[in-house]
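To start, the structure under review is shown below, and the notes come after it.
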Amino acid sequence: MAKVRKGDTVQVITGKYKQKRGTVKRVLPESNKVIVEGVNIVKRHIKARSQIRQTGIVEVEAPLQVSNVMLVCPRCNEAVRIGFREENNEKVRFCKNSACGATIPDATGWVRHTAD
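Just so we're aligned, residue -16 is where the sequence shown starts under my numbering, counting upward by one.
Next comes the structure, spelled out in structure tokens:
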């Protein structure tokens, strides 16, 4: 089970976009990277191929290493480390902040119901 999932709010902890927050648009588990909305913007030169697609110089989000982002706890609104525990025979993520300890739901609002 991945610590960061699509739809989670994360905060960048290193680099040019340090302290910036955004929503995870896509997770690339094979390369250990995530694409975060509004972060790590690069310019791409797109060749004209069809009339539907935009051509020219386009700004897109590039992937970031998963180790360079931290999950933002929805309850305490801080960038925190997360852990896993079992609740009612279900594996769930939780905030490791000593004052919080809240269960972190999936982006859909549901707690994952599998014990991986």
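Note that CB positions come from ideal geometry on N, CA and C, so glycine has one too.
Val(-13) carries a coil assignment under DSSP once its states are collapsed to helix, strand and coil. Put simply, of Asp89, Gly66, Asn72 the residue whose alpha carbon is nearest the alpha carbon of Ser81 is Gly66.
Using a Cβ-Cβ distance cut-off of 8 Å, the region 54 to 73 and the region 24 to 37 are not in contact, since fewer than three pairs of beta carbons, one from each stretch, lie closer than that value. Secondary-structure assignment with DSSP links Ile35 through no beta bridge to anything. Pairing Val10 with Ala(-15) gives a Cβ-Cβ distance under 8 Å. Non-local C-beta neighbours of Phe77 in its own chain, meaning closer than 8 Å and more than five positions away in sequence, comprise Ile65, Gly66, Phe67, Arg68, Gly84, Ala85, Thr86, Ile87, ordered along the chain. In the three-state DSSP reduction, Val75 falls in the strand class (E or B). Contact check for Lys79 and Val63: beta-carbon distance about 6 Å, within the 8 Å limit, so the pair qualifies.
For Ile18, the enclosing beta strand (DSSP E) stretches over residues 16 to 19.
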